[in-house]
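Start counting the sequence shown at 63; every next residue gets the next number (the numbering used here).
Heads up: the structure comes next, in structure tokens.
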Amino acid sequence: MNHHSNQIIRISCCHICGYNIDSFMNFGRMPIANGFLKKEKFNSEYFFDMQVALCDNCKMFQLINQPEPKQMFNENYAFFSGTSKLMVNHFKDFSNHVIDDYLKDKDNPFVVEIGSNDGIMLKNFAQKGIRHLGIEPSANVAQVAIDQGINTTVEFFDKSLAERIVSEHGQADAYIAANVMCHIPNINSIVEGIKVLLKSDGIVIFEDPYLGNVIEKTTYDQIYDEHTFLFSIHSIQYLFNQYGMEVIDVEPQESHGGSMRYFITHKGKKSVHNTVSNQLEYEVNIGLTKVDSFSQFKENCEKYRTNLLALLNDIKNEGKTIAGYAATSKSTTIINYCGITADHLDCIYDTTPIKQGKFSPGAHIPVKPHNEFKDNYPDYALLFGYNHEKEIMAKEQEFVKQGGKWITYVPEVKII
Ligand code: DWN
Ligand code: SAH
Numbered sequence: 063m064n065h066h067s068n069q070i071i072r073i074s075c076c077h078i079c080g081y082n083i084d085s086f087m088n089f090g091r092m093p094i095a096n097g098f099l100k101k102e103k104f105n106s107e108y109f110f111d112m113q114v115a116l117c118d119n120c121k122m123f124q125l126i127n128q129p130e131p132k133q134m135f136n137e138n139y140a141f142f143s144g145t146s147k148l149m150v151n152h153f154k155d156f157s158n159h160v161i162d163d164y165l166k167d168k169d170n171p172f173v174v175e176i177g178s179n180d181g182i183m184l185k186n187f188a189q190k191g192i193r194h195l196g197i198e199p200s201a202n203v204a205q206v207a208i209d210q211g212i213n214t215t216v217e218f219f220d221k222s223l224a225e226r227i228v229s230e231h232g233q234a235d236a237y238i239a240a241n242v243m244c245h246i247p248n249i250n251s252i253v254e255g256i257k258v259l260l261k262s263d264g265i266v267i268f269e270d271p272y273l274g275n276v277i278e279k280t281t282y283d284q285i286y287d288e289h290t291f292l293f294s295i296h297s298i299q300y301l302f303n304q305y306g307m308e309v310i311d312v313e314p315q316e317s318h319g320g321s322m323r324y325f326i327t328h329k330g331k332k333s334v335h336n337t338v339s340n341q342l343e344y345e346v347n348i349g350l351t352k353v354d355s356f357s358q359f360k361e362n363c364e365k366y367r368t369n370l371l372a373l374l375n376d377i378k379n380e381g382k383t384i385a386g387y388a389a390t391s392k393s394t395t396i397i398n399y400c401g402i403t404a405d406h407l408d409c410i411y412d413t414t415p416i417k418q419g420k421f422s423p424g425a426h427i428p429v430k431p432h433n434e435f436k437d438n439y440p441d442y443a444l445l446f447g448y449n450h451e452k453e454i455m456a457k458e459q460e461f462v463k464q465g466g467k468w469i470t471y472v473p474e475v476k477i478i
């Protein structure tokens, strides 16, 4: 049952199966991860208590409290997918995979993507003249796609929208999504919508940060307000089986520090690859199905928090300067959970115009344009965008040449 109060969604039952759940870890008071703000808004900043649980029945890892979706996804959304060149290429490959393996033999195929953001994925379909529709509730990012001629509906996807799409455009051959399925609290309505939307021989392909990677690398910064869930094969299989659909293949991805891509069809339409059973076995072995094994994760989080804060304090005690690099959503969890303040970091450099000139959520560290980094190299840069490490290291060689050092916390706190 969902209780709505003060715009916080609080649950005591699993979002997927309704089983009673209990939090095993409290990260404390957290702001909106992408809520970069001006000084005038400091006093009215929104906070919620960030707690996580693993459902003992369906194995879904989930947040207990969360802001309403509209508070996070609206006309001021601060994340524009196109900011990473690596991800532009990643989605080009993703699109080619869908086209070559699932759409080639279809007559006038139709693709629907949810969370299409600035069109980073769908432009690859639009350029080839493939019938497509993006569903994107954050109006400002959606506008970037619309301006490029990418068909986009500015709404939240759910079952009723799926019915409308079918009546206006017909059913879809492919339903695709990246880093959005795990953002949707009413995920059952999404799967009901997919059921309505997808042709009987259609394919569902989506990817999200993978719980297995989060646990193995202690990347607890994947836990923040937008991420209602961290998926595993177990939980995704349970979710889709409820609606007569099945996972036929899974493919690990390197993006976002370790993600999983899921391939799903209506039941019995395609053979199930043994990648699925192999990955299920792996999940049992590393303890993803037992809440008890998450006590180690909790201990690791606490250890990394202590180590990171100690390292930053030591550096400051030596009179050296530190700046944050990339004001990622994930950094909101790191900063606020570890107790990092504007005394530790002079500022955070970031390439996104809408974040620049504002302050980071919660700790209020100034966010400055990335092009000012080279004029003010700090002694140390704390790499909040570790998932873009290759891309960032390649373009910041001068920082290192001039004696600058990187601090990272994945897979452990260290200076590189
Ligand atoms: O799941 C989500 C993923 C897809 O993207 C969303 N909930 C929100 C967002 O998460 P994130 O903010 O942690 O994403 P990134 O891609 O790790 O970080 C993007 C930020 O990093 C942007 O503000 C731009 C910045 N950045 C930078 O300053 N220099 C990124 C790169 C690659 C750079 O070189
Ligand atoms: N797919 C992109 C964007 C991920 S960010 C990428 O991988 O880079 C998540 C996006 O999902 C945001 O743009 C957000 O506005 C959108 N979103 C959130 N809830 C949604 C819903 N119910 N239906 C469709 N999109 C949604």
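Glycine included, C-beta positions come from ideal geometry on N, C-alpha and C.
- In this model, residue 354 and residue 88 are separated by some 16 angstroms (Cα to Cα).
- At least 8 angstroms separates the beta-carbon of residue 93 from that of residue 447.
- Inclusion of residue 197 in the 7 angstroms shell around ligand 2 follows from its C-beta lying nearer than that to a non-hydrogen atom of the ligand.
- Proximity to residue 175 across 132, 213, 417, 150 peaks at 213, based on C-alpha coordinates.
- The beta carbon of residue 194 lies closer than 8 angstroms to those of 172, 173, 174, 175, 184, 187, 188, 212, 213 in the same chain, with the five residues before and after it left out.
- Secondary structure note for residue 112: it is in no alpha helix (DSSP H), and the uninterrupted beta strand (DSSP E) holding it is 109 to 116.
- For residue 178, the CB contacts under 8 angstroms within the same chain, skipping 5 residues up- and downstream, are 184, 196, 197, 198, 204, 207, 212, 214 in chain order.
- Secondary structure within the segment 248 to 320: the alpha helix (DSSP H) runs of 4 or more consecutive residues, fully enclosed, are 249 to 259, 273 to 279, 295 to 303 (chain order).
- Between the alpha carbons of residue 209 and residue 202 lies a distance of about 11 angstroms.
- The closest heavy atom of ligand 2 lies 7 angstroms or more from the beta carbon of residue 174.
- Out of 349, 358, 467, 416, the CA that lies nearest to the CA of residue 383 is found in 467.
- Residue 332 carries a coil assignment under DSSP once its states are collapsed to helix, strand and coil.
- Residue pairing of residue 175 in beta bridges, as defined by DSSP: 196, 238.
- Look at residue 89 here: in three-state DSSP terms it is strand.
- Taking 7 angstroms as the cut-off, the C-beta of residue 438 does not count as close to any heavy atom of ligand 2.
- Note on geometry: alpha-carbon atoms of residue 418 and residue 389 lie some 9 angstroms from one another.
- The three-state reading of DSSP puts residue 129 in strand, counting E and B together.
- Taken in chain order, the complete beta strand (DSSP E) segments of 3 residues or longer contained in the segment 332 to 418 are 384 to 387, 410 to 412.
- Under the three-state reduction of DSSP, residue 134 is assigned to helix.
- DSSP places residue 189 in the coil class of the three-state scheme, outside both helix and strand.
- In this structure, the C-beta of residue 177 approaches ligand 2 to less than 7 angstroms from one of its heavy atoms.
- Proximity to residue 266 across 288, 249, 307 peaks at 307, based on C-alpha coordinates.
- Shown here, residue 96 sits in coil according to DSSP, grouped into three states, outside any helix or strand.
- Residue 289 places its beta carbon 8 angstroms or farther from that of residue 350.
- Of the heavy atoms belonging to ligand 1, none sits nearer than 7 angstroms to the Cβ of residue 246.
- Within 7 angstroms of the C-beta of residue 155 there is not a single heavy atom belonging to ligand 1.
- The segment 407 to 422 and the segment 131 to 140 touch, with three or more beta-carbon pairs separated by less than 8 angstroms.
- Contact between the segment 249 to 257 and the segment 277 to 287 is absent: fewer than three C-beta pairs spanning the two stretches fall below 8 angstroms.
- Ranked by how close their Cα comes to the Cα of residue 293, the residues 320, 473, 393 have 320 in first place.
- Note that the C-beta distance between residue 410 and residue 396 is not below 8 angstroms.
- For residue 474, the CB stays at least 7 angstroms from every heavy atom of ligand 1.
- With a cut-off of 7 angstroms, the C-beta of residue 268 is classified as distant from ligand 2, since no heavy atom of the ligand falls inside that distance.
- The straight-line gap separating the alpha-carbon atoms of residue 119 and residue 129 is approximately 25 angstroms.
- Distances from the CA of residue 233 to each of 264, 217, 240 were compared; the closest alpha carbon is that of 264.
- Taking all protein chains shown into account, residue 274 has 16 or more neighbouring C-beta atoms within 10 Å of its C-beta and is therefore buried.
- Close CB contacts of residue 113 within its chain, under the 8 angstroms cut and outside five residues either way in sequence, are with 85, 87, 88, 89, 125, 126, 127 (chain order).
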